[in-house]
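**Student:** Each protein sequence line maps, in turn, to chains Y and B.
Each position in the first sequence, counted from 1, maps to that position plus 10 in the working numbering.
Each position in the second sequence, counted from 1, maps to that position plus 546 in the working numbering.
From the three backbone atoms N, C-alpha and C, an ideal C-beta is built for every residue, glycine too.
Sharing a structure, written as structure tokens. Questions coming.
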Amino acid sequence: MMKKKFRLTDPGIFVWVLLVAIVIFSAVANPVFLRPRNLKNVFLIQPVGLGLASLGQAVIIISGGIDMSIGAAVSLLTSVAGGLYRDFPGVSVLTVFLIISAMGTVIGLLNGLLVVKLKIAPFMATLATMSVIQGGIFIYTKKTIGGIPKSFRFIAEGSVGPVPFCFLYLAVIFALVLILMNRSRYGRHLYAVGANEWVASITGIAVDRVKLSAYLIGGLLTGLASVFLAGRMGGGGPLVGKGYELDTITAVVIGGVSLAGGDGNIAGAIGGVLILSIFSNLMNLLDVNPYIQMLLKGLILITAVFFYAAKTAKAKGQEA
Amino acid sequence: MMNNENILLEFMNIDKQFPGVKALDDVSMSFRFGEVHALVGENGAGKSTLMKILSGVYQPSGGEIVYKGEKLKLQNPHHAQMQGISIIFQEFSLINTLDVVENVFLNREPKTSFGLFDKKKAAGMTKKLLETIGIDIDITAKIKNLSVIEQQTVEIIKALSIDADIIIMDEPSAALSDKELSKLFDIIMKLKADGKTVIYISHMLEEVFSIADRVTVLKDGRVMATEEVCDLDKDKLVSLMVGREISDIYPPRSANVGDVVLEAGDLASGKLKNVNLTLKKGEILGVAGIAGSGRTALVETLLGIERKMSGTVSLSGREVDFKNIRQAIDSGFCYIPSDRKNQGIIAPESIVVNTTITNLDNYVVRGLINRKAEEEVTKNQIELLGTKVASIDQRIEDLSGGNQQKVLLSRALLMEPEIYIINEPTRGIDVGAKHEIYKIMRDLTSRGKSIIMVSSELPEIIGMSDRILVMNQGEAAGILDQSVKTYTEEEILSLAVGHEYRLPAGGCDDEEEV
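If you want it as structure tokens, here you go:
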């Protein structure tokens, strides 16, 4: 039996080609990029928050949904982390960690229920929760809340030997999600539901439960991302997560995950996150105006979506 | 006999080379003015490629097209249209949210003196065209509110509005009921009478005999034969298509039909009125009826996809009440729906994933899927059913219809159900693959499994069913036991429509009389 052909332009492989290309480009464009301190920041620390949130986004997109509320959720959860330390000085790291993770999961549950029980289209449902959450934050606080103690900041700033703790934090969670998606029965069901709900149902898969769980996982991962971000910034604020919904979607799409659901590898999302991380770093090194950075990011998303859509159309044309 | 003046279009030694495949090899054939010319062949025989060349989508690698006595090099589909060659694809190219008139004149809108869309004029022209083919549809209706045959009519009108001389219909009957099909045939006869040439691509050989004057058989990119339909019989046509004699497409029925395994009493739902049926061990129960007669509603109510309003369903004497299909599956049912593309395959996933999705538990060791084990099982299934695949990691959507259906059968087999419910088991599948699927179904019944087969292909219903349940407007119009005698298409259709029915006669008799 013939093995599947290996093509560099296949979505899922192309992201890694692109990653290598952008690394080489950055190294040439500005030698500062290659300094160990910068490399450590770009590869091991910077990508952690977006990486965790993008894993959640990827799980949800693969299940056939989308989450527009991630940014607002990150803002809320980091603010709450700051608020907890402000209002309950001496609260333990574990307590804060658990509360933030649980709150993330509850937000996921809310999104999931809207989609599964009320049958609201995922884009609209999560856009609505985004507004609800964002409003809630502003009622809770209008300013950033700092004062997160060093003990909590270990999550983002600590090291185990030479390796940043936060990198291990991402790596372990990534490995777990990867195994869940690629090797477990549940992951297979998630892909099936994302690709074709009807078929999934007639093969005996509990479609609603699977969809709901995707949002739960997504919410939990948003919570875990917020824990890191709160530690990294030493606090939180109402605009901390601004743009996260779009950044996570960009990362996932660059990673070769189809917005139509049911297609693409979760690992690609991490590739997409690294590309975005290097991109921001490069822009900063080259001293590019942040508004232009924002503009360029939008163009990258368009290019990525266009590129993969063209690939898919071409593949379809060949078989006809 | 052949008269050059009668020839509208001729393919001369057409070749088409794709990377690694020769899709068309030295194809020469001709189309006459005002003839209905059927193009048949198994999947991959080259029918679509040839028609894509004729409609300007592909360029031939060699050979030429002679049209109205002159060489014709088609640049693109628009160019072909301008030359009067129009193709109606299986999936219509209509805009659902626009009305009939807007669709017919899309991109060719007649203008008023102010340069605006002259809808009145367009509506008048549309009406006139509808009159020429003798069909009446509401031209202000949006496409999405029309039936399939009405949409097809709009496509035909669209072709006529650009003054097409050649109209290519790619599998036009695929989504039509029998009644709609006879309407389509009426339209085709009118087109023919107006001197239009119709190229009719179909898997359904009955249709070829009903409507075509001549038929060309393609196989592996070559022309096997072009024949007057009158000079052929079905067996000869089939053997030309598959390149070997098929003495019997339908394998013999199994002898050992056992006890009743499934019984439904006075089953009623939105579309069903008090249907009674039984299904025995080792039996194939065919469900016939015209589209909309409640065939699919019946099986989907049995499965709990549609909720029953009253009546009982019992399995081996034990009453059950399925609230969803999962409960039916747990009780030993499986379902293969008719719409393979949207309701059967999981398109972006591989053959392995599609095969093992139903019984993943069998490969899970300590929470993880054992890939080797599921690949092993998939390979066994492929071998068992003779599925043709390039690799088990290949996407299922890249397989032909027949091979997709075999993967779906594998998926069902792995569920180890007692009762298979198969809706249109061979829709859009070529004759050779059909035969193989029939063999698989027979093999299942000989192993004591039971099958409910919904089909709109009467030869299949007659050839495969031990008993036939004929549906008519949501009611069971009759149950025909074929162990006593083999029923005819007329007998089944008469029950299905509620009055005496005679099949439309083929074109041959009339022509011979002239």
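Tyr881 of chain B touches chain Y at which residues, Cβ-Cβ below 8 Å?
**Tutor:** Counting from 1 along the second sequence, the entry for residue 881 of chain B is found at position 335. The contacting residues are Ile212.
**Student:** Under a three-way DSSP split, which group does Met558 of chain B fall into?
**Tutor:** Stepping through the second sequence from its first residue, residue 558 of chain B is reached at position 12. Looking at Met558 of chain B - three-state DSSP - the assignment turns out to be strand.
**Student:** Taking Cβ to Cβ, would you say Ser223 of chain Y is nearer than 8 Å to Val217 of chain Y?
**Tutor:** As a first step, residue 223 of chain Y must be located in the first sequence, where it is residue number 213. As a first step, residue 217 of chain Y must be located in the first sequence, where it is residue number 207. The answer is no: Cβ separation not under 8 Å.
**Student:** Counting only runs that start and end within the stretch 594 to 680 of chain B, where is the alpha helix (DSSP H) found for 4 or more residues in a row?
**Tutor:** Whole alpha helix (DSSP H) segments, 4+ residues: 623 to 628, 646 to 650, 665 to 678.
**Student:** How far does the beta strand (DSSP E) with Thr762 of chain B in it reach, from first residue to last?
**Tutor:** As a working note, residue 762 of chain B is residue 216 in the second sequence. Looking at the DSSP string, the run of the beta strand (DSSP E) that includes Thr762 of chain B is 760 to 765.
**Student:** Compare the C-beta of Ile942 of chain B with all C-beta atoms of chain Y and state if any pair is closer than 8 Å.
**Tutor:** Sequence index remark: in the second sequence, residue 942 of chain B carries index 396 (1-based). Ile942 of chain B does not count as touching chain Y.
**Student:** Quick one, which of B:Val788, B:Thr743, B:Arg841 has its alpha-carbon nearest Ala814 of chain B's?
**Tutor:** Position 268 of the second sequence, counting from 1, holds the residue named residue 814 of chain B. Sorting B:Val788, B:Thr743, B:Arg841 by C-alpha distance to the C-alpha of Ala814 of chain B places B:Arg841 at the top.
**Student:** What residues from chain B crowd round Ala314 of chain Y, counting only those whose CB sits closer than 9 Å?
**Tutor:** Translated into the one-based positions of the first sequence, residue 314 of chain Y becomes position 304. Here the premise fails: no neighbours, minimum Cβ distance about 18 Å.
**Student:** Interface residues of chain Y around Pro963 of chain B at Cβ under 8 Å?
**Tutor:** Taking the second sequence and counting its residues from 1, one reaches residue 963 of chain B at position 417. Result: empty, since nearest Cβ-Cβ is about 11 Å, beyond 8 Å.
**Student:** Which first and last residues belong to the alpha helix (DSSP H) in which Ile1038 of chain B is found?
**Tutor:** The residue labelled residue 1038 of chain B in the question sits at position 492 within the second sequence. Start and end: 1035 to 1043.
**Student:** Could you tell me the alpha carbon to alpha carbon distance between Arg864 of chain B and Val775 of chain B, rounded to whole angstroms?
**Tutor:** Start at 1 with the first residue of the second sequence, and residue 864 of chain B comes out as number 318. Start at 1 with the first residue of the second sequence, and residue 775 of chain B comes out as number 229. C-alpha separation (whole angstroms): 54 Å.
**Student:** Run down chain B in chain order and give the residues with a C-beta less than 8 Å from the C-beta of Ser268 of chain Y.
**Tutor:** For the purposes of this step, residue 268 of chain Y is taken as residue 258 along the first sequence, with counting starting at 1. Ser268 of chain Y reaches chain B at Pro894, counting residues in chain order whose Cβ is nearer than 8 Å.
**Student:** Counting beta carbon pairs with one atom in the stretch 263 to 281 of chain Y and one in the stretch 231 to 249 of chain Y, are three or more of them shorter than 8 Å?
**Tutor:** Inter-segment contact for the stretch 231 to 249 of chain Y and the stretch 263 to 281 of chain Y is absent: fewer than three beta-carbon pairs are separated by less than 8 Å.
**Student:** Is it true that the CB of Ile679 of chain B sits closer than 8 Å to the CB of Ile747 of chain B?
**Tutor:** Numbered from 1 along the second sequence, position 201 holds the residue referred to as residue 747 of chain B. Numbered from 1 along the second sequence, position 133 holds the residue referred to as residue 679 of chain B. Contact flag unset, no.
**Student:** Is it true that the stretch 1010 to 1026 of chain B meets the stretch 824 to 833 of chain B, where meeting means three or more beta-carbon pairs spaced less than 8 Å apart?
**Tutor:** yes
**Student:** May I ask you to report which of helix, strand or coil DSSP gives Gln328 of chain Y?
**Tutor:** Along the first sequence, one-based indexing puts residue 328 of chain Y at 318. Per-residue confidence for Gln328 of chain Y stands at a pLDDT of 41, beneath the threshold of 50, marking its modelled position as unreliable; the derived number appears in the next sentence. Reduced to three states, the DSSP call for Gln328 of chain Y is helix.
**Student:** Could you check what DSSP says for Gly265 of chain Y in three-state terms: helix, strand or coil?
**Tutor:** Reading the first sequence from its first residue, position 255 is the one you call residue 265 of chain Y. Three-state result, Gly265 of chain Y: coil.
**Student:** Under 8 Å, Cβ to Cβ, is there at least one residue of chain Y near Arg872 of chain B?
**Tutor:** To locate residue 872 of chain B, count along the second sequence from 1; it is residue 326. By this cut-off, Arg872 of chain B is an interface position.
**Student:** Grab the span of the beta strand (DSSP E) containing Leu120 of chain Y for me, first residue to last.
**Tutor:** Counted from its first residue, the first sequence places residue 120 of chain Y at position 110. Unbroken run through Leu120 of chain Y is the alpha helix (DSSP H), 103 to 126; no beta strand (DSSP E).
**Student:** Less than 8 Å separating the beta-carbons of Arg957 of chain B and Ile903 of chain B?
**Tutor:** For this step, residue 957 of chain B is matched to residue 411 along the second sequence. For this step, residue 903 of chain B is matched to residue 357 along the second sequence. It is a contact, given that the beta carbons lie within the stated cut-off.
**Student:** Could you pull out every residue in the same chain whose Cβ sits closer than 8 Å to the Cβ of Lys657 of chain B, ignoring the five residues on either side in sequence?
**Tutor:** In the second sequence, counting from the first residue as 1, residue 657 of chain B sits at position 111. Residues Phe663, Asp664 of the same chain have their beta carbon placed closer than 8 Å to that of Lys657 of chain B, with the five preceding and five following residues left out of the count.
**Student:** Contact criterion: CB-CB distance below 8 Å. Does Val845 of chain B meet it with respect to chain Y?
**Tutor:** As a first step, residue 845 of chain B is located in the second sequence; it is residue number 299 there, counting from the start. Judged by the 8 Å Cβ criterion, Val845 of chain B is not in contact with chain Y.
**Student:** Using the rule of at least 16 other Cβ atoms within 10 Å of the residue's Cβ for burial, across every protein chain shown, is Leu818 of chain B buried or exposed?
**Tutor:** For the purposes of this step, residue 818 of chain B is identified with residue 272 of the second sequence, where counting begins at 1. So Leu818 of chain B ends up on the buried side.
**Student:** Using CA atoms only, rank isn't needed, just tell me which of Y:Lys153, Y:Thr154, Y:Ile76, Y:Tyr150 is closest to Ile130 of chain Y.
**Tutor:** Within the first sequence, numbered from 1, the residue matching residue 130 of chain Y stands at position 120. Comparing Cα positions, the closest option is Y:Ile76.
**Student:** For Glu255 of chain Y, name the three-state secondary structure that DSSP assigns.
**Tutor:** To locate residue 255 of chain Y, count along the first sequence from 1; it is residue 245. If DSSP states are grouped into helix, strand and coil, Glu255 of chain Y belongs with the helices.
**Student:** How about Arg193 of chain Y: is its C-beta nearer than 8 Å to some C-beta of chain B?
**Tutor:** Working through the first sequence from its first residue, we reach residue 193 of chain Y at position 183. By this cut-off, Arg193 of chain Y is an interface position.
**Student:** What's the gap between the Cα of Glu1058 of chain B and the Cα of Ala758 of chain B?
**Tutor:** Translated into the one-based positions of the second sequence, residue 1058 of chain B becomes position 512. Translated into the one-based positions of the second sequence, residue 758 of chain B becomes position 212. A caution first: Glu1058 of chain B carries a pLDDT of 38, below 50, which makes its placement in the model too unreliable to give a value.
**Student:** Specify the secondary structure class of Asp1027 of chain B as computed by DSSP and reduced to three states.
**Tutor:** On the second sequence, position 481 is the one that residue 1027 of chain B refers to. Strand, per DSSP.
**Student:** May I ask which residues mark the beginning and end of the beta strand (DSSP E) holding Ser862 of chain B?
**Tutor:** Along the second sequence, read from residue 1 onward, the residue named residue 862 of chain B stands at position 316. Taken as a continuous stretch (DSSP letters only), Ser862 of chain B belongs to no beta strand (DSSP E), as it is neither H nor E.
**Student:** Tell me whether Leu1039 of chain B counts as near the ligand PLP, meaning its Cβ is closer than 7 Å to at least one heavy atom of that ligand.
**Tutor:** Because no ligand of any kind appears in the structure shown, any question about the ligand PLP cannot be addressed here.
**Student:** Strictly by DSSP, which residues pair up with Thr1072 of chain B?
**Tutor:** As displayed, chain B neither begins before 547 nor continues past 1060, which places residue 1072 of chain B out of reach and without an answer.
**Student:** Taking Val899 of chain B as the query, report the chain Y residues whose CB atoms sit under 8 Å from its CB, ordered along the chain.
**Tutor:** Here residue 899 of chain B refers to the residue found at position 353 of the second sequence. Going along chain Y in sequence order, the residues near Val899 of chain B (Cβ under 8 Å) are Arg198, Tyr201, Ala202.
**Student:** Using a Cβ-Cβ cutoff of less than 6 Å, which residues in the same chain neighbour Leu945 of chain B once the five nearest sequence positions on both sides are dropped?
**Tutor:** Here residue 945 of chain B refers to the residue found at position 399 of the second sequence. Once the five neighbours on either side are set aside, Leu945 of chain B has no close Cβ partner at all.
**Student:** Spatial neighbours of Ser632 of chain B within its chain, please: C-beta separation below 6 Å, excluding the five flanking residues on both sides.
**Tutor:** As a first step, residue 632 of chain B must be located in the second sequence, where it is residue number 86. Ala705, Ala710, Ile713.
**Student:** According to DSSP, Ile830 of chain B sits in a beta bridge with which residue or residues?
**Tutor:** Position 284 of the second sequence, counted from the start, is the residue given in the question as residue 830 of chain B. Paired residues: B:Ile997.
**Student:** So, for Glu329 of chain Y: in the same chain, excluding its five sequence neighbours on each side, which residues have a beta-carbon less than 7 Å away from its beta-carbon?
**Tutor:** One-based indexing of the first sequence puts residue 329 of chain Y at position 319. In this prediction, Glu329 of chain Y scores a pLDDT of 37, lower than 50, which makes its location untrustworthy; no coordinate-derived value is stated.
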